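Undergrad: Take this structure, written in structure tokens, and hold onto it; I'll ask about it next.
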Amino acid sequence: MKKSLFFIAVLVAAVNSLTAQDCKNYYYLRNNSEVEMSVYDGKKEIVAKNIYNVLSVNKEGTSLVADFTSTVKDAKGEELSTGKGKVKCDGDNLLIDMQMNMPNIPQVQAMKMETGKAATFLSYPNALKVGETLPEGSFEMNSSTNGMDVTIQYKVANRKVVAKEKVTTSAGTWDCFKITYDVSLALKMMAMSMPFDMIGAEWFAPGFGVVKTEFNKDGQSMGSMLITKVKK
912 MKKSLFFIAV LVAAVNSLTA QDCKNYYYLR NNSEVEMSVY DGKKEIVAKN IYNVLSVNKE
972 GTSLVADFTS TVKDAKGEEL STGKGKVKCD GDNLLIDMQM NMPNIPQVQA MKMETGKAAT
1032 FLSYPNALKV GETLPEGSFE MNSSTNGMDV TIQYKVANRK VVAKEKVTTS AGTWDCFKIT
1092 YDVSLALKMM AMSMPFDMIG AEWFAPGFGV VKTEFNKDGQ SMGSMLITKV KK
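Numbering-wise (my numbering), the sequence shown opens with residue 912 and increments by one.
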């Protein structure tokens, strides 16, 4: 009996060790790391920078969970908005707060997001394959802009792994999987509703994270985000 319990304890420790090993290299699961994502408009000009700061990384069961803050600054370095989010990793999947996936269009850049909202996650398997279909996600949250209350409804659907490509930025070079998806974003204030439907694409490096994101509507670029700096 003692030998069985000892074997189980060793097995659990090994599984936990593998989980940590598979998760620890993701940039949002490094304590005190800072990540800079540069935001470009449809003409490839920098219009803002989104700075993510990891506040803490903790163990929850067999998963690692990171809490972070995000700060959006305009091209002049003036703060536009702030927010909080979570990232999880269970060794097989990276789970990213959907707020990080939202397009940085002018209509949402300066909004103040609600705090205390339960995170909704998009899943990124470590063992991605070209041709694979990934789970969709959706959430609704409250916000405010210019003193007016706004409800944001956001949905990501039809997520498909379409290619494997190399991406190089000022922060490094990665072998990435390109994931395309349909975006449905609606802003509701008072009796008005403003829908924004787009096609999204992102380049995900297993073991590291999302490196690049682009949004298009009717064949026209609506902007992009690119990782430009990582501080450990």
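Using N, Cα and C, we set each Cβ at its ideal position, and we do this for glycine too. The model shown is predicted, which means the values in this text are computed figures rather than measured ones.
So, is Ser949 buried or exposed, given that buried needs 16 or more other C-beta atoms within 10 angstroms?
TA: Residue 949 sits at position 38 when you count from the first residue of the sequence shown. Flag for Ser949 reads buried.
Undergrad: Please go through the same chain and pick out, in chain order, the residues whose beta-carbon is closer than 6 Å to the beta-carbon of Glu1125, but skip the five residues on each side of it.
TA: Position 214 of the sequence shown, counted from the start, is the residue given in the question as residue 1125. Excluding sequence neighbours, Glu1125 sits near Ala1112 and Ser1135.
Undergrad: If I measure Cβ to Cβ from Met1101 and keep anything under 6 Å in the same chain, skipping five residues before and after, which residues do I get?
TA: For this step, residue 1101 is matched to residue 190 along the sequence shown. So the list is empty, once near-sequence residues are dropped.
Undergrad: Alpha carbon to alpha carbon, how far is Pro1014 from Thr973? Give it in angstroms, no decimals.
TA: Locating residue 973 in the sequence shown gives position 62, where the first residue counts as 1. Locating residue 1014 in the sequence shown gives position 103, where the first residue counts as 1. Between Thr973 and Pro1014, the C-alpha separation is close to 31 Å.
Undergrad: My output table needs one value for Tyr938: the three-state DSSP class, helix, strand or coil.
TA: On the sequence shown, position 27 is the one that residue 938 refers to. Note: Tyr938 maps to helix in three-state DSSP.
Undergrad: I need the DSSP call for Asn969, collapsed to helix, strand or coil.
TA: As a first step, residue 969 must be located in the sequence shown, where it is residue number 58. Three-state DSSP puts Asn969 in a strand.
Undergrad: Only counting the same chain, and skipping five residues up and downstream in sequence, which positions put a Cβ closer than 6 Å to that of Val1072?
TA: Walking along the sequence shown from the start, residue 1072 turns up at place 161. If we look at Val1072 and ignore the five residues flanking it on each side, its Cβ neighbours are Leu1039, Val1041, Glu1043, Phe1088 and Ile1090.
Undergrad: Considering only residues of the same chain and omitting the five flanking positions on each side of Asp985, which have a CB-CB separation below 6 Å?
TA: Walking along the sequence shown from the start, residue 985 turns up at place 74. Only Ala959 and Leu991 meet the Cβ criterion.
Undergrad: Can you tell me which of the three DSSP states Lys914 falls into?
TA: Here residue 914 refers to the residue found at position 3 when the sequence shown is read from its first residue. With a pLDDT of 45 at Lys914, under the threshold of 50, the modelled position of this residue cannot be trusted, and the question is left open.
Undergrad: Assign Lys969 to buried or exposed, taking buried as 16 or more other Cβ atoms, counted over all protein chains shown, within 10 Å of its Cβ.
TA: Taking the sequence shown and counting its residues from 1, the one referred to as residue 969 is at position 58. Strictly speaking, residue 969 in this sequence is Asn, with Lys absent from that position. Burial call: exposed.
Undergrad: Classify Gln1131: buried if its beta carbon has 16 or more other beta carbons within 10 angstroms, exposed otherwise.
TA: In the sequence shown, the residue the question calls residue 1131 occupies position 220. That one is exposed.
Undergrad: So which of Ser1104, Ile957, Asp1001 and Trp1114 has the shortest CA-CA distance to Trp1085?
TA: Working through the sequence shown from its first residue, we reach residue 1085 at position 174. Among Ser1104, Ile957, Asp1001 and Trp1114, the Cα nearest to that of Trp1085 is on Trp1114.
Undergrad: In the DSSP assignment, find the unbroken beta strand (DSSP E) run with Phe1107 in it and report its ends.
TA: As a position in the sequence shown, residue 1107 is number 196, starting the count at 1. Start and end: Met1103 to Ala1116.
Undergrad: Classify Ser981: buried if its beta carbon has 16 or more other beta carbons within 10 angstroms, exposed otherwise.
TA: Here residue 981 is taken as the residue at index 70 of the sequence shown, counted from 1. Its Cβ being crowded by 16 or more others within 10 Å, Ser981 is buried.
Undergrad: Does the Cβ of Ser1054 have 16 or more other Cβ atoms within 10 Å, making it buried, or fewer, making it exposed?
TA: In the sequence shown, residue 1054 corresponds to position 143, counting from 1. Ser1054 comes out buried.
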